[in-house]
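Q: The opening residue of the sequence shown carries number 1 in the UniProt record's numbering; numbering runs sequentially from there. This is the structure, below, for whatever I ask next.
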Amino acid sequence: MLEVSQEFTPSFAHHCLGTCERSHRTLEERMTPYIRKGRPWNDILPAVIFSMNSCTNAASQYSPFEVVYGNRPQFPLSTPHDLDLRDIPKDIHVYLKQLQQKLSTIRKEVQINVEKANAKMVERVNKTTSPLKLSVGDYVYLHDEPIGQGRKLQAKFTGPFIVDNIPSPHLIKIRDPENKRRLRMPVHINRLKMAYIRAPQPQPYLQHVSESQSSNTTVDSSTSSYSEKVPVRQSTRHKKPPAKFNDFVNLDSELGTESISSDDNRYHKIKRVLARKIDNNQLKYLVQIVGEPAQNSIWVEESSLSPKAKKIVQNRPPPMIL
C-alpha cells in the first residue's frame, strides 16, 4: 500500500545505506550524554526521536515531520499563527485535495534539493579518490578488519583472491585460487585492493646452469654471453651533502673547471666557499680547494676570484663572519 521495498547492501559497507547510518549516528550522539548520567534510555528515546524528526535536514531543506504531514510541528511555546477564515476548507474533500497538492509540492522540492546535495557530495569526494578498475581474472586482496587482542599488529588484508564475476560497478564476486571456493556473497569494491602476483614461470634473470654440466658447476656459454650483454643498472639516487654545507656555495658543480683562484702565481680549483669576512676594508672569502679537506681552507681576496665565481658568490653569498 505504501510502496515500500526492502533493499540489501554489502557487508561492511555502511556508506551504501547512508541515510539510515546517518540517523543512527545522530541518535547515538544525542542519547550518549543522558546514558552516561545513568538515566534510562527508554524514557529519553521518544523525545530524542521527536527532536530528530522536527529538525530541518541540511540536504532536503525540510524536516521529516513537514515532509510527512505537510506543516511544521507545534511546540508548547509556539506562538499561534494568524488564520484567515476564508482559507478554511469547506469540507473534508477540499482539505484532502489541498493537502495532497501541498505534499506533492514539498516532496518534489525535497527530491530536487537532495539530488543537488548528492551531486555536490560526489564531486567533493571524487576529487581525492582514485577509482579501482578491475576485470575478471585479476588478483585482489580483501580487507578483513581484525578483532580481539593484538588486532593492531595483525594483518588487515587476506588473500589473494581472483575476481570471478563483476555483477555491478560496486559489487565484486571473488574466489579462492587454491581450492576454487567462491565467496557466497559479493563484496564491495572499496574492500578490495590490487594484488601484484609474480607470474607462475617468470623469465630467468639469473645465469642458467645447463643440466649436462651441472656436476662440474660450469655456466652455459649461450647464457653467459647473454648475461654479459645485459647492462648493469646503476643507482640513480641523488646524494645530498651534509646539513652543515647547506649554507655553503658549491662552485665545483656550477663552474666546472672555470672556478680558478690565483694565489702567489698559482692557480687552484675552488670546491666550496664556506664563509666571508671584511678584513682591512677588504672582502675575503674562506674557500676549500679541490682535493683538500675543509680543515685546510684558506682565506682569499675577492679580486683573486674569477669573474664567473664572483657573480655566483654575489648571487648566493655565504654566511658573514664578524
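Where is the CB? At the ideal position from N, CA and C, for every residue including glycine.
My assumption, with CB atoms under 8 Å, is that T158 sits in contact with L142. Please give the rounded CB distance.
A: Against the sequence shown, residue 158 aligns to sequence position 158. Against the sequence shown, residue 142 aligns to sequence position 142. About 5 Å; that satisfies the 8 Å criterion.
Q: Can you grab the Cα-Cα spacing for the pair T223 / S168, in whole Å?
A: What you label residue 223 is simply residue 223 of the sequence shown in a count that begins at 1. What you label residue 168 is simply residue 168 of the sequence shown in a count that begins at 1. Confidence in T223 is poor, its pLDDT being 44 and thus under 50, which makes the residue's placement too unreliable to answer from.
Q: Quick one: using the 10 Å Cβ neighbour count with 16 as the cut-off for buried, is R303 buried or exposed?
A: In the sequence shown, the residue the question calls residue 303 occupies position 303. A small correction: the amino acid at residue 303 is Ser; Arg does not occupy that position in the sequence shown. Flag for S303 reads exposed.
Q: I'd like to check one pair, R175 with I162: are the Cβ atoms closer than 7 Å?
A: For the purposes of this step, residue 162 is taken as residue 162 along the sequence shown, with counting starting at 1. For the purposes of this step, residue 175 is taken as residue 175 along the sequence shown, with counting starting at 1. A contact, by the Cβ cut-off of 7 Å.
Q: Can you give the Cα-Cα distance for S130 and A47, rounded to whole angstroms?
A: Position 130 of the sequence shown, counted from the first residue, corresponds to residue 130. Position 47 of the sequence shown, counted from the first residue, corresponds to residue 47. Cα to Cα, the separation comes out at about 43 Å.
Q: Can you look up M185 in the DSSP assignment and give me helix, strand or coil?
A: To locate residue 185, count along the sequence shown from 1; it is residue 185. In the structure shown, the three-state DSSP call for M185 is coil.
Q: Of the choices H170, E21 and W299, whose alpha-carbon is the least far from that of R191?
A: The sequence position of residue 191 within the sequence shown is 191, counting from 1. Minimum Cα distance to R191 is reached at H170.
Q: Answer with buried or exposed for K271, where buried requires no fewer than 16 other C-beta atoms within 10 angstroms of its C-beta.
A: On the sequence shown, residue 271 is found 271 positions in, with the first residue counted as 1. So K271 counts as buried.
Q: Can you tell me whether Y160 is helix, strand or coil according to DSSP?
A: Indexing the sequence shown from 1 puts residue 160 at position 160. The residue asked about is misnamed: residue 160 is Pro in this sequence, not Tyr. Correct three-state label for P160: strand.
Q: Would you kindly check if the distance between the Cβ of P64 and the Cβ of N71 is under 7 Å?
A: The residue labelled residue 71 in the question sits at position 71 within the sequence shown. The residue labelled residue 64 in the question sits at position 64 within the sequence shown. Their beta carbons are not under 7 Å apart, which means N71 does not touch P64 by this criterion.
Q: Quick one: grab the DSSP three-state call for N53.
A: For the purposes of this step, residue 53 is identified with residue 53 of the sequence shown, where counting begins at 1. Residue state, collapsed to three classes: helix.
Q: Is it true that the CB of L286 sits closer than 7 Å to the CB of L274?
A: Locating residue 274 in the sequence shown gives position 274, counting from the first residue. Locating residue 286 in the sequence shown gives position 286, counting from the first residue. Their beta carbons are under 7 Å apart, which means L274 touches L286 by this criterion.
Q: Helix, strand or coil for H208? Go by DSSP, reduced to three states.
A: Within the sequence shown, residue 208 is the residue found at index 208, counting from 1. Note on H208: pLDDT 47, under 50, position unreliable in the model; no value is reported.
Q: Can you look up H143 in the DSSP assignment and give me helix, strand or coil?
A: Taking the first residue of the sequence shown as position 1, residue 143 is located at position 143. It is a strand residue.
Q: Per DSSP, what kind of secondary structure is E301 in: helix, strand or coil?
A: What you label residue 301 is simply residue 301 of the sequence shown in a count that begins at 1. The DSSP-derived three-state label of E301 is strand.
Q: In the DSSP assignment, find the unbroken alpha helix (DSSP H) run with H30 in it and report its ends.
A: In the sequence shown, counting from the first residue as 1, residue 30 sits at position 30. Note on residue identity: the sequence assigns Arg, not His, to residue 30. Element bounds for R30: G18 to R36.
Q: Report yes if the C-beta distance between W41 and I35 is below 7 Å; otherwise report no.
A: Within the sequence shown, the letter at position 41 stands for residue 41. Within the sequence shown, the letter at position 35 stands for residue 35. Result yes, Cβ atoms of W41 and I35 sit closer than 7 Å.
Q: Name the two residues that bound the continuous beta strand (DSSP E) containing Y285.
A: Numbered from its first residue, the sequence shown carries residue 285 at position 285. Taken as a continuous stretch (DSSP letters only), the beta strand (DSSP E) holding Y285 covers Q282 to I289.
Q: Consult DSSP for A275 and reduce its assignment to one of helix, strand or coil.
A: Taking the sequence shown and counting its residues from 1, one reaches residue 275 at position 275. In this structure, A275 counts as strand in the three-state DSSP scheme.
Q: Which term fits A119, buried or exposed, when burial requires 16 or more other beta carbons within 10 angstroms of its beta carbon?
A: One-based indexing of the sequence shown puts residue 119 at position 119. Of the other Cβ atoms in all chains shown, fewer than 16 fall within 10 Å of the Cβ of A119; this residue is therefore exposed.
Q: Mind reading off the beta-carbon distance from V140 to L134? Whole number of angstroms is fine, and I expect it under 8 Å.
A: Within the sequence shown, the letter at position 140 stands for residue 140. Within the sequence shown, the letter at position 134 stands for residue 134. Indeed, because the Cβ distance is near 7 Å, the residues count as touching under 8 Å.
Q: Ordered along the chain, which non-local residues of its own chain (more than five positions away) have a Cβ less than 6 Å from that of H14?
A: In the sequence shown, counting from the first residue as 1, residue 14 sits at position 14. Closer than 6 Å at Cβ, skipping near neighbours: E21.
Q: If you draw a straight line from the alpha carbon of L27 to that of I44, how long is it in whole angstroms?
A: In the sequence shown, the residue the question calls residue 27 occupies position 27. In the sequence shown, the residue the question calls residue 44 occupies position 44. Cα to Cα, L27 sits roughly 11 Å from I44.
Q: Label R25 either buried or exposed according to how many other C-beta atoms from any shown protein chain fall within 10 Å of its C-beta, with 16 as the threshold for buried.
A: For the purposes of this step, residue 25 is taken as the residue at position 25 of the sequence shown. Exposed: under 16 other Cβ atoms inside 10 Å.
Q: Would you check if the distance between the CB atom of V114 and the CB atom of A59 is smaller than 7 Å?
A: Counted from its first residue, the sequence shown places residue 114 at position 114. Counted from its first residue, the sequence shown places residue 59 at position 59. A contact, by the Cβ cut-off of 7 Å.
Q: In the DSSP assignment, find the unbroken alpha helix (DSSP H) run with K127 in it and report its ends.
A: For the purposes of this step, residue 127 is identified with residue 127 of the sequence shown, where counting begins at 1. For K127, there is no enclosing alpha helix (DSSP H), as DSSP gives it neither H nor E.
Q: Is the distance from the Cβ of P146 to the Cβ of Q154 below 7 Å?
A: Taking the first residue of the sequence shown as 1, we reach residue 146 at position 146. Taking the first residue of the sequence shown as 1, we reach residue 154 at position 154. Cβ atoms of P146 and Q154: closer than 7 Å.
Q: Whose CA, out of P177, M185, Q314 and R184, lies closest to the CA of A195?
A: Position 195 of the sequence shown holds residue 195. Nearest of P177, M185, Q314 and R184 to A195, Cα basis: P177.
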